[in-house]
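> Before we start, here is the structure in question, set down as C-alpha cells.
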Amino acid sequence: GAVVSQHPSWVICKSGTSVKIECRSLDFQATTMFWYRQFPKQSLMLMATSNEGSKATYEQGVEKDKFLINHASLTLSTLTVTSAHPEDSSFYICSARTSGRYTQYFGPGTRLTVL
Amino acid sequence: DQQVKQNSPSLSVQEGRISILNCDYTNSMFDYFLWYKKYPAEGPTFLISISSIKDKNEDGRFTVFLNKSAKHLSLHIVPSQPGDSAVYFCAATLRGGYQKVTFGIGTKLQVIP
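Protein sequences, first through last, are from chains A and B. Just so we're on the same page, the numbering used here is the position in the first sequence counted from 1, plus 296. Just so we're on the same page, the numbering used here is the position in the second sequence counted from 1, plus 552.
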C-alpha cells in the first residue's frame, strides 16, 4: 500500500515553455500533498504544501506564480513550472499523506531539464 | 538554519556488520521522526519512524533510537546488506499545523560485500 506515482519521470523542454508534472496517490486518499525539489548533493527542499481543495502554501522564496500547484482531488496534485528557465532544471519529487498520519509517501520523482 | 543535521556525508560498512547512521536536531518542538532511504533518481522510501514518547522502535533489521535530551537519533541496520547501499535521510516533524517535514542533508551508506 501507500503508492505514489509521478508522471512524467523525466522531461526536457525549451526555455520559456511550461511543464506540468502529475502526482497521484494510487491506493489511499491524499489529504495533503507536498512538492519538493532536490539539487545535486543537496537535501530535499520543500517547495509547497497543498491540501485537497485549498490553495497551496508556499515556502519562503518559492514563487507561487512560477510554480503553480493544483490539488483538485484526493488522489491528484499537479505542479506546473511556468516559463521554465535552465535554472529550474532539477529533480522534483512529490509526496502525499493521509489525514491524521505523519508519514509521507514519496513519488519516484521527475527529472526536469530546461534547455 | 539547518534544524535537522546529518553530519556524516558518507559511511562505509562491511556486509554483515552494523550500520549506524546519526542525526541531530535543534528544534525541541519536533515530536515525530522518520528515516527515509533513497536510491539515485528515485523518490525516498519510508523506512521507519519514532514518536517522541518512545526511545526505541524496531522493524526487522532496522532500529531507530531517540535521545530527546541530547536531541539525537540514530538508525541501526543489522546485519547490513549490499542492497542497503543508498542515501538515508533523517526527517522530523511537528504535530499540528500542516505538519511540515524537515529533512537532513542525507548520509550515503555503502555496504561492501
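Note that the Cβ used here is the ideal one computed from N, Cα and C, for glycine as well.
What's the call for I629(B), buried or exposed, on a 16-neighbour Cβ count within 10 Å?
Here the question's residue 629(B) lines up with position 77 in the second sequence. That one is buried.
> For chain B, find out if any of its Cβ atoms is closer than 8 Å to the Cβ of P336(A); answer yes or no.
Start at 1 with the first residue of the first sequence, and residue 336(A) comes out as number 40. It does not: the Cβ of P336(A) has no partner Cβ on chain B nearer than 8 Å.
> Could you run through the segment 567–600 of chain B and flag, in chain order, every residue whose CB is less than 8 Å away from some CB of chain A?
So the close ones are Y584, L586, Y588, A593, E594, G595, P596, T597, F598.
> Looking at the secondary structure, which residues open and close the beta strand (DSSP E) in which L586(B) lies?
Your numbering for residue 586(B) matches position 34 in the second sequence. Residues 584–590.
> Hey, A298(A) and F324(A) are a contact pair by Cβ (cut 8 Å); roughly how many whole angstroms apart?
Here residue 298(A) refers to the residue found at position 2 of the first sequence. Here residue 324(A) refers to the residue found at position 28 of the first sequence. Rounded, the Cβ-Cβ distance is 6 Å, consistent with contact.
> Note down the Cα distance separating Y584(B) from S603(B), rounded to an integer number of angstroms.
Counting from one through the second sequence, the residue named residue 584(B) turns up at place 32. Counting from one through the second sequence, the residue named residue 603(B) turns up at place 51. Going from the Cα of Y584(B) to the Cα of S603(B) covers about 5 Å.
> Tell me the rounded alpha-carbon separation between K310(A) and T376(A).
Against the first sequence, residue 310(A) aligns to sequence position 14. Against the first sequence, residue 376(A) aligns to sequence position 80. Between K310(A) and T376(A), the C-alpha separation is close to 15 Å.
> Whose C-beta lies closer than 6 Å to the C-beta of K316(A) among residues of the same chain, with five residues either side of it excluded?
As a first step, residue 316(A) is located in the first sequence; it is residue number 20 there, counting from the start. T374, T376, listed in sequence order.
> Who are the near neighbours of E710(B) in its chain, counting only those whose CB is closer than 7 Å to its CB and skipping five residues on each side?
Lying outside 553 to 665, the shown extent of chain B, residue 710(B) is not represented and no answer is given.
> So which residues on chain A does V630(B) lean against when the C-beta distance must stay under 8 Å?
Position 78 of the second sequence, counting from 1, holds the residue named residue 630(B). The premise fails here: V630(B) is roughly 23 Å from chain A at the closest Cβ pair, so nothing lies under 8 Å.
> What does P404(A) reach in chain B if we use C-beta pairs closer than 9 Å?
Residue numbering aside, residue 404(A) sits at position 108 when the first sequence is read from its first letter. Within 9 Å Cβ-Cβ: A593, E594, G595.
> Could you give the first and the last residue of the continuous beta strand (DSSP E) run that contains D636(B)?
Here the question's residue 636(B) lines up with position 84 in the second sequence. It is not in any beta strand (DSSP E) - D636(B) carries neither H nor E in the DSSP assignment.
> Can you check whether the C-beta of Q325(A) is within less than 8 Å of a C-beta belonging to chain B?
Locating residue 325(A) in the first sequence gives position 29, where the first residue counts as 1. No, its Cβ sits nowhere closer than 8 Å to a Cβ of chain B.
> Chain B partners of L342(A), CB-CB under 9 Å?
In the first sequence, the residue the question calls residue 342(A) occupies position 46. Those are K652, V653, T654, F655, listed as they occur along chain B.
> Nearest-angstrom Cα distance between V556(B) and T394(A)?
Here the question's residue 556(B) lines up with position 4 in the second sequence. Here the question's residue 394(A) lines up with position 98 in the first sequence. In a straight line, the C-alpha of V556(B) is about 24 Å away from that of T394(A).
> Measure the beta-carbon distance from Q338(A) to I657(B) and round it to whole angstroms, keeping in mind my assumption that it falls under 8 Å.
The residue given as residue 338(A) occupies position 42 in the first sequence. The residue given as residue 657(B) occupies position 105 in the second sequence. Right, the Cβ-Cβ distance comes to about 7 Å (below 8 Å), so this counts as a contact.
> Less than 8 Å separating the beta-carbons of D607(B) and F617(B)?
Position 55 of the second sequence, counting from 1, holds the residue named residue 607(B). Position 65 of the second sequence, counting from 1, holds the residue named residue 617(B). Yes, they are a contact pair.
> At least one CB of chain C closer than 8 Å to the CB of S385(A): is that the case?
No chain C is present in this structure, whose protein chains are A and B.
> Along chain A, in chain order, which residues have C-beta atoms closer than 7 Å to that of G658(B)?
For this step, residue 658(B) is matched to residue 106 along the second sequence. Near G658(B) (Cβ distances below 7 Å), the residues of chain A are S339.
> Roughly how many angstroms lie between the CA atoms of Q334(A) and G405(A), to the nearest whole one?
Sequence index remark: in the first sequence, residue 334(A) carries index 38 (1-based). Sequence index remark: in the first sequence, residue 405(A) carries index 109 (1-based). Approximately 10 Å between the Cα atoms of the pair.
> Can you tell me which of L586(B), P596(B), A643(B), N559(B) puts its alpha carbon nearest to the alpha carbon of D611(B)?
As a position in the second sequence, residue 611(B) is number 59, starting the count at 1. Minimum Cα distance to D611(B) is reached at L586(B).
> Run down chain B in chain order and give the residues with a C-beta less than 8 Å from the C-beta of R407(A).
What you label residue 407(A) is simply residue 111 of the first sequence in a count that begins at 1. Under the 8 Å cutoff, chain B gives A593.
> What in chain B is Cβ-close to Q356(A), meaning under 9 Å?
In the first sequence, counting from the first residue as 1, residue 356(A) sits at position 60. The contacting residues do not exist; Q356(A) stays about 12 Å from chain B at best.
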